[in-house]
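1 is the number of the first residue of the sequence shown in full-length UniProt numbering; add one for each residue after it.
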Amino acid sequence: MTALNVAVIGAGPAGIYASDILSKSGLDVNIDLFERLPAPYGLVRYGVAPDHPRIKQIIVALYKILQRGDIRLIGNVEVGRDVSVAELHEHYDAIIFSTGADTDAPLNIPGADAPECYGGADFVSWYDGHPDHPRTWPLEAKEVAVLGVGNVGLDISRVLAKHAEDLMVTEIPENVAEILKTNPCTDVHVFGRRGPAQVKFTPLELRELGKQRDVDVLVDEADFEYDAGSEAALKSSNQQRQVVKALEGYAMQEPEDLTASHRIHIHLFQSPAEVLTDDAGHVVGLRTERTRLTGDGTVEGTGVFTDWPVQAVYRAIGYASSPIEGMPFDSKRHVIPNEGGRVLGEDGKPLTGMYATGWIRRGPIGLIGSTKSDAQETITNLVADANAGLLHATTDAVGHDAMIALLSSRDIPFTTWEGWELLDAYERQLGEDFGELPNGKTRERVKVVNRHAMADISRGKQAPQDLIGQPDTDRVPERVAHRLPAQD
Ligand code: NAP
1 MTALNVAVIG AGPAGIYASD ILSKSGLDVN IDLFERLPAP YGLVRYGVAP DHPRIKQIIV
61 ALYKILQRGD IRLIGNVEVG RDVSVAELHE HYDAIIFSTG ADTDAPLNIP GADAPECYGG
121 ADFVSWYDGH PDHPRTWPLE AKEVAVLGVG NVGLDISRVL AKHAEDLMVT EIPENVAEIL
181 KTNPCTDVHV FGRRGPAQVK FTPLELRELG KQRDVDVLVD EADFEYDAGS EAALKSSNQQ
241 RQVVKALEGY AMQEPEDLTA SHRIHIHLFQ SPAEVLTDDA GHVVGLRTER TRLTGDGTVE
301 GTGVFTDWPV QAVYRAIGYA SSPIEGMPFD SKRHVIPNEG GRVLGEDGKP LTGMYATGWI
361 RRGPIGLIGS TKSDAQETIT NLVADANAGL LHATTDAVGH DAMIALLSSR DIPFTTWEGW
421 ELLDAYERQL GEDFGELPNG KTRERVKVVN RHAMADISRG KQAPQDLIGQ PDTDRVPERV
481 AHRLPAQD
């Protein structure tokens, strides 16, 4: 029997874990791991906050998997643009989609389309140096609202409230560092629509918030209310009890200890009702409605509204996946419809040879580790289908070499694992070249942002002078295109 050719689409943790589990499944298999960016690691590189080096260490484990060489990375290739799903199926017996989530869940309240009402995922992409996002960010607000009490809301609040020099030890690109130095923000107001027992922060990240230099975290004592649903949630989850303890710690601080020049205010039981704008359409405030618990941990509005003077609003109410051209998509849940990772067609039956794993499969919830169990189930089902003789490419032009020939014939500047090692070394050198910072620390790396520069360095070409550059206009998502500099 000849080896099975499998394409995995998306080289974030989900795709890498799935590839690793598949490679150890006992099947005779060749795995090509496609990635639309010239660099692997998905949200670990472009989602984890730059001042979270501990979480970035997951890259060490992912690196070890790819460094073995049996999983072949094909970077800078976008499925649905450079190569279609149908073409992939001509070359591979099975395709696993692990494209994650890259955009913001929609918020349908009046004023949400104001120019200073930003998607949290877009802000994260900007500060993490995503090649397809504009290089500037309008940091002009002194008071900011962040909607959503999950870890993305925490990341955004921390980056906005922190003094820019405290972010300099990190890998943030130069353009981001320069803009953060001009950030006038002193007060970040974070809003949760439910109570302390329903907050989605994790304890470590919430405690860390209080350790930022010259930043106070404030919580109102009046925001600690519980119903039967809350009591049950706290009883069953040590993690949630830890979160509540950390919130209580912030609420119990003595006023004379709160002397920082920057503040993060966490407001609970406040549901966003309207983004307030002036006559010119610019954000001047946020209106929230006080909520109360109804018994099972859900809330209802009380009809009591508060207006908060803020000049920018960041939505951190969850990520959403984008559809892939040629694949079914559930536009309500923002996932590829599937059963146990087997993709379902319109008739509800499995599409032979098509699988999904990670956030595109189950939605944008759970820490990076939960992606492993997800991948395990998807691969178990793929192996069962392979053993049942169900998996076949749609033509004889199968496998890696034929795919590379197709990409080359289209002049697509694809990158490889060896190419990533070149870019990785280049970025580390940039960090080293920076020398010692005033605080005695050094920068581990400085990210190259420009897609062409990333591809050129990866392909062993002379590195261009401008490593930041401007994004390709046709790759910038429509929702943020207005932030591109005006064309002559
Ligand atoms: P999340 O944990 O699901 O939090 C989303 C928040 O938005 C919740 O508080 C939710 O409230 C709120 N929300 C949703 N719709 C809303 C609406 N219409 N109005 C007001 N609030 C609304 O999502 P996330 O913060 O995007 O994080 C995604 C995953 O990545 C999580 O598992 C997270 O832990 C992980 N992550 C981890 C880190 C880290 O440093 N460890 C960093 C970033 C992300 P309800 O609960 O009431 O729906």
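Just so you know, even glycine gets a beta-carbon here, dropped at the ideal spot from N, CA and C.
Exercise. What is the C-beta distance between Val190 and Ser157, in whole angstroms, given that I count them as a contact (C-beta under 8 angstroms)?
Worked result: The residue you call residue 190 lines up with position 190 of the sequence shown. The residue you call residue 157 lines up with position 157 of the sequence shown. With 8 angstroms as the limit, Val190 and Ser157 qualify as a contact, their Cβ atoms being about 5 angstroms apart.
Problem set entry | Reference Lys162; option with closest CA among Ala141, Gly12, Gly129, Thr186 | Within the sequence shown, residue 162 is the residue found at index 162, counting from 1. Nearest C-alpha to Lys162: Thr186.
For this session: Note down, in chain order, each residue of its chain lying with its Cβ closer than 8 angstroms to the Cβ of Gly69, except the 5 sequence neighbours on either side.
Result: Here residue 69 corresponds to residue number 69 of the sequence shown, with the count starting at 1. Closer than 8 angstroms at the Cβ level, and outside the excluded window around Gly69, lie Trp417.
For this session: Quick one: measure Cβ to Cβ for Tyr355 and Gly341, integer angstroms, because I've assumed they're closer than 8 angstroms.
Result: If you number the sequence shown from 1, residue 355 lands on position 355. If you number the sequence shown from 1, residue 341 lands on position 341. At roughly 5 angstroms, the Cβ-Cβ gap stays under 8 angstroms, so Tyr355 and Gly341 are in contact.
For this session: State the Cα-Cα distance for the pair Thr473 and Glu254, rounded to the nearest angstrom.
Result: Sequence index remark: in the sequence shown, residue 473 carries index 473 (1-based). Sequence index remark: in the sequence shown, residue 254 carries index 254 (1-based). Going by the C-alpha atoms only, they are around 51 angstroms apart.
Problem set entry | Between the CA atoms of Ala177 and Pro115 - distance to the nearest angstrom | As a first step, residue 115 must be located in the sequence shown, where it is residue number 115. As a first step, residue 177 must be located in the sequence shown, where it is residue number 177. Computed Cα separation, rounded: 23 angstroms.
Exercise. What separation, rounded to the nearest whole angstrom, lies between the Cα atoms of Arg207 and Arg263?
Worked result: Working through the sequence shown from its first residue, we reach residue 207 at position 207. Working through the sequence shown from its first residue, we reach residue 263 at position 263. Distance between the alpha carbons of Arg207 and Arg263: 15 angstroms.
For this session: Give me the Cβ distance between Ile74 and Phe414, rounded to the nearest whole Å; I'm assuming they're in contact under 8 angstroms.
Result: Taking the first residue of the sequence shown as position 1, residue 74 is located at position 74. Taking the first residue of the sequence shown as position 1, residue 414 is located at position 414. With a Cβ gap of about 5 angstroms, Ile74 and Phe414 count as contacting.
For this session: My understanding is that Thr357 touches Pro13, with C-beta atoms under 8 angstroms, so please give their C-beta distance in whole angstroms.
Result: Taking the first residue of the sequence shown as 1, we reach residue 357 at position 357. Taking the first residue of the sequence shown as 1, we reach residue 13 at position 13. About 10 angstroms; that fails the 8 angstroms criterion.
Problem set entry | Other residues of its chain near Pro38: CB distance less than 6 angstroms, five sequence neighbours each side excluded | Locating residue 38 in the sequence shown gives position 38, counting from the first residue. The residues are Gly75, Asn76, Thr415, Met454, Ala455, Ser458.
For this session: For Ile468, collect the residues of the same chain with a Cβ closer than 7 angstroms to its Cβ; drop the 5 residues on either side in sequence, then sort them by chain order.
Result: For the purposes of this step, residue 468 is taken as the residue at position 468 of the sequence shown. Closer than 7 angstroms at the Cβ level, and outside the excluded window around Ile468, lie Arg135, Pro173, Glu174, Asn175, Val449, Asn450.
Exercise. To which residues of the same chain is Tyr319 closer than 6 angstroms at the C-beta, ignoring the five residues directly before and after it?
Worked result: Taking the sequence shown and counting its residues from 1, one reaches residue 319 at position 319. The answer, listed in chain order, is Ala101, Ala121, Pro364.
Problem set entry | Those runs of the beta strand (DSSP E) which lie wholly inside the region 349-392 and span at least 3 residues | 350-356
For this session: Output the distance between the C-alpha atoms of Ile31 and Arg445, rounded to the nearest integer angstrom.
Result: Position 31 of the sequence shown holds residue 31. Position 445 of the sequence shown holds residue 445. Distance between the alpha carbons of Ile31 and Arg445: 30 angstroms.
For this session: Confirm the yes/no value for this check: CB of Pro364, any heavy atom of ligand 1, distance under 7 angstroms.
Result: One-based indexing of the sequence shown puts residue 364 at position 364. It does: the Cβ of Pro364 is within 7 angstroms (strictly closer) of some heavy atom of ligand 1.
Problem set entry | CB-CB length for Glu18 against Ile96, believed under 8 angstroms | The residue given as residue 18 occupies position 18 in the sequence shown. The residue given as residue 96 occupies position 96 in the sequence shown. One detail in the question is off: residue 18 reads as Ala in this sequence, not Glu. 5 angstroms between Cβ atoms; contact.
Exercise. How long is the line joining the alpha carbons of Ala3 and Val29, rounded to whole angstroms?
Worked result: Along the sequence shown, read from residue 1 onward, the residue named residue 3 stands at position 3. Along the sequence shown, read from residue 1 onward, the residue named residue 29 stands at position 29. Rounded to whole angstroms, Ala3 to Val29 spans 5 angstroms at the Cα level.
Exercise. Considering only residues of the same chain and omitting the five flanking positions on each side of Ala246, which have a CB-CB separation below 7 angstroms?
Worked result: Your numbering for residue 246 matches position 246 in the sequence shown. Around Ala246: Pro203, Leu206, Arg207.
Problem set entry | Backbone secondary structure at Gly69 - three-state DSSP | Walking along the sequence shown from the start, residue 69 turns up at place 69. In the structure shown, Gly69 sits in coil (DSSP, three-state: anything other than H, G, I, E or B).
Exercise. Going along the chain, which residues of its own chain have a beta-carbon closer than 7 angstroms to the beta-carbon of Asp214, five neighbours each way excluded?
Worked result: Within the sequence shown, the letter at position 214 stands for residue 214. Within the same chain, Asp214 has close Cβ partners His163, Ala260, Ser261, His262.
For this session: State the start and end residues of the unbroken beta strand (DSSP E) segment that holds Ala481.
Result: Numbered from its first residue, the sequence shown carries residue 481 at position 481. Taken as a continuous stretch (DSSP letters only), Ala481 belongs to no beta strand (DSSP E), as it is neither H nor E.
For this session: Rank Leu286, Val244, Glu90 by C-alpha distance to the C-alpha of Met403 and give the top, closest one.
Result: Start at 1 with the first residue of the sequence shown, and residue 403 comes out as number 403. Looking at the Cα atoms, Glu90 is the closest of the given residues.
For this session: Using beta-carbon positions only, say whether Gly297 and Ala222 come within less than 8 angstroms of one another.
Result: To locate residue 297, count along the sequence shown from 1; it is residue 297. To locate residue 222, count along the sequence shown from 1; it is residue 222. Their beta carbons are not under 8 angstroms apart, which means Gly297 does not touch Ala222 by this criterion.
Exercise. What residue does the beta strand (DSSP E) around Tyr314 start on, and which one ends it?
Worked result: The count along the sequence shown starts at 1 and reaches residue 314 at position 314. Where Tyr314 is concerned, the enclosing beta strand (DSSP E) stretches over 312-315.
Exercise. For the beta strand (DSSP E) that Trp137 lies in, which residues bound it at each end?
Worked result: Here residue 137 refers to the residue found at position 137 when the sequence shown is read from its first residue. Looking at the DSSP string, Trp137 is not in any beta strand (DSSP E), and its letter there is neither H nor E.
Exercise. Taking only runs of the alpha helix (DSSP H) that begin and end inside the region 199-238, which ones reach a length of at least 4 residues, in chain order?
Worked result: 203-209, 228-236
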